[in-house]
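K.L.:
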Amino acid sequence: MGEEAAKAPVVAEAHEVDTFHPPQKMLAKHPSKPHLSSLEEYQQLYKESITEPEKFWGRLARELLTWHKDFQTVHSGSLLNGDNAWFLEGELNASFNCVDRHAIKDPNRVAIIYEADEPGDGRTVTYGELLREVSKVANVLKDMGVRKGDTVAIYLPMIPEALVAFLACARIGAVHSVVFAGFSADSLRDRVLDARSRVVITSDEGRRGGKLIGTKKIVDEALKQCPDVKHVLVYKRTGADIPMTPGRDYWWHEEVDKWPAYVAPEPMNSEDPLFLLYTSGSTGKPKGVMHTTGGYLLGAAATGKYVFDIHDGDRFFCGGDVGWITGHTYVVYAPLLLGVSTVVFEGTPAYPNFSRYWDIIEKHQVTQFYVAPTALRLLKRAGDQHVRNEMKHLRVLGSVGEPIAAEVWKWYFEVVGKEESQIVDTYWQTETGSHVITPLAGVTPTKPGSASLPFFGIEPAIIDPVTGEEIHGNDVEGVLAFKQPWPSMARTVWGAHKRYMDTYLNVYKGYYFTGDGAGRDHEGFYWIRGRVDDVVNVSGHRLSTAEIEAALIEHAAVAEAAVVGVADELTGQAVNAFVAIKDGNEPSDALRKDLILQVRRSIGPFAAPKAVYIVPDLPKTRSGKIMRRILRKILAGEEDQLGDITTLSDPAVVDKVIAAVHEAR
Ligand code: WTA
1 MGEEAAKAPV
11 VAEAHEVDTF
21 HPPQKMLAKH
31 PSKPHLSSLE
41 EYQQLYKESI
51 TEPEKFWGRL
61 ARELLTWHKD
71 FQTVHSGSLL
81 NGDNAWFLEG
91 ELNASFNCVD
101 RHAIKDPNRV
111 AIIYEADEPG
121 DGRTVTYGEL
131 LREVSKVANV
141 LKDMGVRKGD
151 TVAIYLPMIP
161 EALVAFLACA
171 RIGAVHSVVF
181 AGFSADSLRD
191 RVLDARSRVV
201 ITSDEGRRGG
211 KLIGTKKIVD
221 EALKQCPDVK
231 HVLVYKRTGA
241 DIPMTPGRDY
251 WWHEEVDKWP
261 AYVAPEPMNS
271 EDPLFLLYTS
281 GSTGKPKGVM
291 HTTGGYLLGA
301 AATGKYVFDI
311 HDGDRFFCGG
321 DVGWITGHTY
331 VVYAPLLLGV
341 STVVFEGTPA
351 YPNFSRYWDI
361 IEKHQVTQFY
371 VAPTALRLLK
381 RAGDQHVRNE
391 MKHLRVLGSV
401 GEPIAAEVWK
411 WYFEVVGKEE
421 SQIVDTYWQT
431 ETGSHVITPL
441 AGVTPTKPGS
451 ASLPFFGIEP
461 AIIDPVTGEE
471 IHGNDVEGVL
481 AFKQPWPSMA
491 RTVWGAHKRY
501 MDTYLNVYKG
511 YYFTGDGAGR
521 DHEGFYWIRG
531 RVDDVVNVSG
541 HRLSTAEIEA
551 ALIEHAAVAE
561 AAVVGVADEL
571 TGQAVNAFVA
581 IKDGNEPSDA
591 LRKDLILQVR
601 RSIGPFAAPK
611 AVYIVPDLPK
621 TRSGKIMRRI
631 LRKILAGEED
641 QLGDITTLSD
651 PAVVDKVIAA
661 VHEAR
């Protein structure tokens with residue numbers, strides 16, 4: 001296929017799916033040439049990464065990262081034992097790798113392009129300035145008593161100071177625990193308590209889509225129940241009049257003025273934790289996924305280089321929030337490790353109008369753009385006239401977080417990219433740290449809707465969920481697992497290693513289990529089908545149905561709750577809740593609103609159910625297990641395909657649920 005890599009697009013004969021080769025026009029406007037020259041080169045390197053992983057990763061780790069002390073051992077441990085470690089004995093510092101080494105070479109190079117919520121506001125931050133700012137905040141944190149290994153909670157909007165906060169923690173060996181600033185006070189409290197953070201970094205307010213968000217107010221609320229938090233560092237974003245607790249709360253701008261603009265980075269062992277990031281799983285409580293320094297950074301740098309084909313002088317724009325893994329790896333670490341400029345966008349794609357992303361891309365001559373399909377669906381629906389810009393520097397358009405439908409893929413390719421950029425549909429997870437199944441820009445042929453081929457070091461396996469056996473060969477369907485450890489995989493769940501083992505490594509012994517269903521087609525391309533556990537994906541946000549159910553049950557009127565994800569045109573999936581209320585309560589619109597509010601308060605606005613159905617009872621097996629499958633079928637209008645319901649403890653419940661759904665619609 002490599003010979004033809006330059007021709008585009010080509011329809012694969014005898015198959016119904018189009019295959020698109022890296023566009024010739026992208027290669028023509030490339031500043032030099034892609035890092036890999038052909039699909040064969042990828043295949044060769046891929047083979048080496050699987051058969052000789054130590055040689056492959058050892059070489060890449062020395063090429064892409066700067067080590068304070070070289071490592072002796074590339075890898076130890078196994079998936080079976082859950083004790084993987086990479087680059088043992090090696091020492092390095094994340095902030096040195098992201099900042100110092102570029103600042104030393106070229107202090108005036110732009111590190112951050114800040115595009116504020118209001119168009120026209122914003123500024124750039126050079127690598128030299130970033131080094132000074134990071135050093136000062138690192139000193140402030142030290143002064144607040146933060147030591148190597150301590151966790152620091154970060155609850156900040158999308159502003160350059162968020163990146164400064166990440167890197168200031170890393171500089172002194174503190175473990176950042178970033179909480180998405182859309183989470184409620186209760187969620188923030190749970191994360192601060194679980195991570196035992198004693199310092200929180202926040203802002204007075206945030207600004208998004210023209211609206212103000214009371215970040216400090218939410219922190220104050222959360223901290224009422226976090227007695228161990230000693231200090232809060234507050235960045236002044238809007239100048240709102242907010243209460244400051246004496247002795248606990250300090251203004252960022254006042255504190256940084258007290259300290260010198262250089263502090264030496266703390267040498268960290270490769271396996272020292274770099275950060276925790278909480279994510280939703282099958283059970284109610286979010287998990288603090290832990291990533292380590294050397295392995296994670298290598299994953300970020302390697303995927304930045306090969307997937308996005310990042311070159312010196314590029315301007316990289318990832319639309320994800322730093323509160324999620326996409327923002328961690330591709331707003332912060334990958335572009336900064338590679339020494340290019342990263343766009344930090346505070347606003348939304350719809351404010352002040354639907355051209356916002358395209359205006360930013362045009363204005364800053366963005367070379368790579370990366371976003372979730374949910375935003376693309378919104379913008380596609382808004383109309384092609386909004387995509388009025390030429391955006392002629394674009395070479396790569398990335399998609400992440402959920403499956404991208406073929407029509408949206410094609411719209412992205414044709415209307416946004418003008419057929420001059422390559423689409424990379426990147427599959428990965430909070431736990432994988434960086435891309436695991438993904439095309440490499442300039443190299444991999446793509447099929448709309450397929451995440452294509454494995455990244456280096458990833459050996460996918462399709463497993464039959466019934467037998468637990470791996471299914472070999474092509475044209476197969478099952479659940480997706482990986483057979484080999486890779487550097488950027490999460491090492492544990494904070495304070496719950498058994499949970500880590502049970503969720504990822506004990507499900508199929510010797511494999512890492514992703515929780516996703518997937519197919520491998522006749523050419524070995526992977527098609528991600530979505531979660532096979534109780535996780536729903538709403539607008540690219542990963543939510544646990546169990547967590548939403550737990551929130552609903554906290555309401556005094558609720559006896560039982562069942563939450564399911566249903567297909568939604570705009571958000572991919574939407575949350576629908578079935579609630580059985582206690583005797584003495586009546587169904588009403590007011591109660592429905594109150595239940596939605598309950599979820600907003602307990603988790604955050606983005607988790608709010610789109611529909612709440614109040615039912616007399618839920619369909620359950622005789623042993624009391626709620627049959628969510630039946631609820632899903634009813635919502636899909638497949639009432640005639642419910643299967644055998646005679647095993648339910650009360651089959652008559654089904655008709656009542658159907659009636660409640662019909663009535664509500
Ligand atoms: C889903 C986001 C299809 C998948 C980076 C995974 C995808 C979950 C894709 C992880 C993709 C992510 N195609 N599905 N390209 N990328 N997913 O941890 O279900 O927020 O398990 O990480 O998102 O979500 P998370």
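Residue numbers for the sequence shown follow full-length UniProt numbering, beginning at 1 and rising by one. Glycine included, each C-beta is placed from N, C-alpha and C at the ideal position.
Can we count TRP259 as close to the ligand FMN, meaning its CB is less than 6 Å from some heavy atom?
P.N.:
This structure simply doesn't include the ligand FMN; it includes the ligand WTA instead.
K.L.:
Rounded to whole angstroms, how far is the Cβ of VAL263 from the Cβ of THR279, which I believe are closer than 8 Å?
P.N.:
Start at 1 with the first residue of the sequence shown, and residue 263 comes out as number 263. Start at 1 with the first residue of the sequence shown, and residue 279 comes out as number 279. Incorrect: roughly 32 Å between the Cβ atoms, too far for contact.
K.L.:
Say yes only if the C-beta of TRP494 is nearer than 6 Å to one or more non-hydrogen atoms of the ligand WTA, and no if none qualify.
P.N.:
Within the sequence shown, numbered from 1, the residue matching residue 494 stands at position 494. No.
K.L.:
To the nearest whole angstrom, what separates the beta carbons of GLU89 and GLN72, a pair I think is in contact under 8 Å?
P.N.:
Walking along the sequence shown from the start, residue 89 turns up at place 89. Walking along the sequence shown from the start, residue 72 turns up at place 72. Between GLN72 and GLU89 the Cβ distance is about 5 Å, and since that is below 8 Å, they are a contact.
K.L.:
Return the Cβ separation of PRO157 and GLY122 in integer angstroms, given the expectation that the two are a contact with Cβ distance under 8 Å.
P.N.:
Against the sequence shown, residue 157 aligns to sequence position 157. Against the sequence shown, residue 122 aligns to sequence position 122. 13 Å between Cβ atoms; not a contact.
K.L.:
Mind reading off the beta-carbon distance from ALA261 to LYS363? Whole number of angstroms is fine, and I expect it under 8 Å.
P.N.:
Taking the first residue of the sequence shown as 1, we reach residue 261 at position 261. Taking the first residue of the sequence shown as 1, we reach residue 363 at position 363. That pair is no contact at about 30 Å.
K.L.:
Grouping DSSP H, G and I as helix and E and B as strand, with all else coil, what is ALA660?
P.N.:
Against the sequence shown, residue 660 aligns to sequence position 660. Looking at ALA660 - three-state DSSP - the assignment turns out to be helix.
K.L.:
Would the beta-carbon of GLY77 fall within 7 Å of that of ASP70?
P.N.:
Position 77 of the sequence shown, counting from 1, holds the residue named residue 77. Position 70 of the sequence shown, counting from 1, holds the residue named residue 70. In this structure, ASP70 does not lie closer than 7 Å to GLY77 by Cβ.
K.L.:
Quick one: any contact between the segment 462-482 and the segment 263-273, if contact means 3 or more CB pairs under 8 Å?
P.N.:
When Cβ pairs closer than 8 Å are counted between the two stretches, the segment 462-482 is seen not to touch the segment 263-273, the count staying below three.
K.L.:
Could you pull the start and end residues of the beta strand (DSSP E) that ASN537 belongs to?
P.N.:
Looking up residue 537 in the sequence shown gives position 537. Run containing ASN537: 535-538, per the beta strand (DSSP E) assignment.
K.L.:
Can you tell me which of the three DSSP states SER282 falls into?
P.N.:
What you label residue 282 is simply residue 282 of the sequence shown in a count that begins at 1. Coil at SER282, not helix or strand.
K.L.:
Need the endpoints of the alpha helix (DSSP H) that ASP194 sits in, please.
P.N.:
Looking up residue 194 in the sequence shown gives position 194. That run of the alpha helix (DSSP H) goes 185-195.
K.L.:
Would you kindly report the start and end of the unbroken beta strand (DSSP E) that includes TRP251?
P.N.:
Counted from its first residue, the sequence shown places residue 251 at position 251. TRP251 -> beta strand (DSSP E) spans 249-251.
K.L.:
Taking DSSP's pairing of strands, which residues face ILE626 in a bridge?
P.N.:
Numbered from 1 along the sequence shown, position 626 holds the residue referred to as residue 626. Per DSSP, LYS620.
K.L.:
Can you determine whether any heavy atom of the ligand WTA sits closer than 6 Å to the C-beta of ASP425, and answer yes or no?
P.N.:
Residue mapping note: residue 425 aligns to position 425 of the sequence shown, counting from 1. For the ligand WTA, at least one heavy atom lies less than 6 Å from the Cβ of ASP425.
K.L.:
In chain order, what residues of the same chain lie with their CB nearer than 7 Å to the CB of HIS30, ignoring the 5 residues before and after it?
P.N.:
Within the sequence shown, numbered from 1, the residue matching residue 30 stands at position 30. Closer than 7 Å at the Cβ level, and outside the excluded window around HIS30, lie ARG395.
K.L.:
Here's the rule: buried if 16 or more other CB atoms are within 10 angstroms of the residue's CB, otherwise exposed. What is ARG189?
P.N.:
Locating residue 189 in the sequence shown gives position 189, where the first residue counts as 1. That one is buried.
K.L.:
Whole angstroms are fine: how far does the CA of PRO439 sit from the CA of GLY2?
P.N.:
To locate residue 2, count along the sequence shown from 1; it is residue 2. To locate residue 439, count along the sequence shown from 1; it is residue 439. Note on GLY2: pLDDT 37, under 50, position unreliable in the model; the coordinate value appears next. If you take the alpha carbons of GLY2 and PRO439, they lie about 14 Å apart.
K.L.:
Who are ASN84's beta bridge partners in DSSP?
P.N.:
Locating residue 84 in the sequence shown gives position 84, where the first residue counts as 1. Answer is none; ASN84 lacks a bridge partner.
K.L.:
Between the alpha carbons of PRO9 and VAL564, how many angstroms are there, rounded?
P.N.:
Position 9 of the sequence shown, counting from 1, holds the residue named residue 9. Position 564 of the sequence shown, counting from 1, holds the residue named residue 564. Unreliable positioning characterises PRO9 in this predicted model, as indicated by a pLDDT of 40, which lies under 50. The coordinate reading is nonetheless provided below. So the two alpha carbons sit approximately 39 Å from each other.
K.L.:
Going by C-alpha to C-alpha distance, which of PRO487, GLY517, ALA550 sits closest to GLU54?
P.N.:
Here residue 54 refers to the residue found at position 54 when the sequence shown is read from its first residue. Looking at the Cα atoms, PRO487 is the closest of the given residues.
K.L.:
How big is the Cα-Cα spacing for GLU560 and ARG531?
P.N.:
Mapped onto the sequence shown, residue 560 falls at position 560. Mapped onto the sequence shown, residue 531 falls at position 531. One C-alpha to the other measures close to 24 Å.
K.L.:
Considering only their Cβ atoms, is the gap separating LYS216 from THR202 smaller than 7 Å?
P.N.:
Sequence index remark: in the sequence shown, residue 202 carries index 202 (1-based). Sequence index remark: in the sequence shown, residue 216 carries index 216 (1-based). Going by beta carbons, THR202 and LYS216 fall inside the 7 Å limit.
K.L.:
Taking just the CA atoms, how far does GLY401 sit from VAL178?
P.N.:
Taking the first residue of the sequence shown as 1, we reach residue 178 at position 178. Taking the first residue of the sequence shown as 1, we reach residue 401 at position 401. Roughly 18 Å between the two C-alpha positions.
K.L.:
My parser needs the beta strand (DSSP E) runs of 3 or more residues fully inside the segment 398-443; what are they?
P.N.:
422-426
K.L.:
DSSP on ASP568, reduced to helix/strand/coil?
P.N.:
For this step, residue 568 is matched to residue 568 along the sequence shown. If DSSP states are grouped into helix, strand and coil, ASP568 belongs with the strands.
K.L.:
Going by C-alpha to C-alpha distance, which of LEU163, ASP186, ALA162, ALA168 sits closest to ASP150?
P.N.:
To locate residue 150, count along the sequence shown from 1; it is residue 150. The residue with the shortest Cα to Cα distance from ASP150 is ALA168.
K.L.:
May I ask you to check if the CB of GLY401 is nearer than 6 Å to at least one heavy atom of the ligand WTA?
P.N.:
As a first step, residue 401 is located in the sequence shown; it is residue number 401 there, counting from the start. Yes.
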